[in-house]
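Residue numbers (numbering that gives the first Met the number 0), protein chains in the order written: chain A, 0 to 143; chain B, 0 to 143.
Data first, discussion second: the structure below is written as structure tokens.
There are 2 protein chains.
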Amino acid sequence: MALISKSCEYGLRAALFIAARGDNGFVPIHDISRDLGISFHFLTKILQKLTQNGLLKSYRGPSGGIALARKAHDISLLEIVRAIEEHDIFSTCVLGLKNCGDSTPCPLHQHWARERTRIESSFGSMTLDKLSKPIANGTLRLTD
Amino acid sequence: MALISKSCEYGLRAALFIAARGDNGFVPIHDISRDLGISFHFLTKILQKLTQNGLLKSYRGPSGGIALARKAHDISLLEIVRAIEEHDIFSTCVLGLKNCGDSTPCPLHQHWARERTRIESSFGSMTLDKLSKPIANGTLRLTD
DNA sequence: ATGTTAAAAGAGTCTTTTGTCTTAATATGA
DNA sequence: TCATATTAAGACAAAAGACTCTTTTAACAT
Ligand code: SF4
Ligand code: SF4
């Protein structure tokens, strides 16, 4: 019972990690993997999704790695979640019913639809630069 | 990416179904399974958890089945979720970090901790009787 | 050219969740 | 007693998710 999948957690943490570095150079995935304690090969595939969706850019060869494709203030956590998760929590039902919507409500709709949009806009308002600053300060953590 | 597991969805729907019947008789699991389109044996095991946790009571043999163990106004969805899910979404982190808490916050804490408790109290305030009335009316649905 | 560093791609394994099937155990009624 | 209806329990199978390993491709340095 987790809001987002492991893949998504890893993707978010990696993106925040890259943003927290501040410099615009390419960070090797191996470094991210080591510092965050995430399996290298697994993380690689997750980050591939993010580059394919235009959120990150990659560069091969020596001194290559991964970098933000846009400015940190222009990338929201919502975009990252959407790029990694195939099904969208923000448009699915708590009860898992199909054809979910105001016209065919299930008993939890009144409550859940409100929470759902609240969480969605919350994720939409969180940008990498807002969240990564306190990480760089050492105030907030990205690991256990 | 779902807030709750399939098992939990099924458990909630079944509990609402039983509550919507109104009468205090035992409902055979087979009936619930058929009407809600849930695998009989799978549902049986989920409902066993609920009876073991004192939310439902069961009776074997002819005209046996499952019934609410307490009054419908006294059973909240939160209790049902807690009985079925082993890990508790309301105390885990979006980023999956351990030792989650105000003293060791991750970057999303400020946002997530608030949503988390909001959802928890929402589930706590939803009781079977409140939600099942409109189902009995035919206003709200429990199936696709 | 050749070797080294790094991401990309894809096959394969392990684990958890979901679902099926079979066999008990319990209650009822003829 | 015996047949029937029902939950309980547990073994098993299938699917999805999480993770590992190997090979390929790209970039750079010498
Ligand atoms: S009606 Fe609302 S609560 Fe029910 S399935 Fe649709 S979105 Fe979810
Ligand atoms: S500090 Fe908040 S956001 Fe971070 S892991 Fe704990 S609950 Fe989650």
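Backbone N, C-alpha and C fix where the C-beta goes; we use that ideal spot for every residue, glycine too.
Nearest to Y58 of chain B by alpha-carbon distance, out of B:H40, B:I28 and B:G36, is B:I28. Between T142 of chain B and L15 of chain B, the C-beta spacing is not below 7 Å.
The Cβ of G53 of chain B sits no closer than 7 Å to any Cβ of chain A.
The region 49-68 of chain A makes no contact with the region 85-95 of chain A: fewer than 3 CB pairs, one atom from each, lie closer than 8 Å. Comparing alpha-carbon positions, the option among B:A68, B:L127 and B:I3 lying closest to G24 of chain B turns out to be B:A68.
At least one heavy atom of ligand 2 falls within 6 Å of the beta-carbon of L96 of chain B.
Interface flag for S121 of chain A against chain B is set, since a Cβ pair is found closer than 7 Å. Under the three-pair Cβ rule at 8 Å, the region 113-120 of chain B does not count as touching the region 122-129 of chain A.
Taking the Cα of K70 of chain B as reference, the smallest distance to any Cα among B:A19, B:F39 and B:T43 is reached at B:A19.
Under the DSSP assignment, I65 of chain A falls outside any alpha helix (DSSP H), being part of the beta strand (DSSP E) whose first and last residues are G64 to L67. Residues of chain B with a Cβ closer than 8 Å to the Cβ of D128 of chain A do not exist, since the nearest Cβ in that chain sits about 11 Å away. For S32 of chain A, the enclosing alpha helix (DSSP H) starts and ends at I28 to L35.
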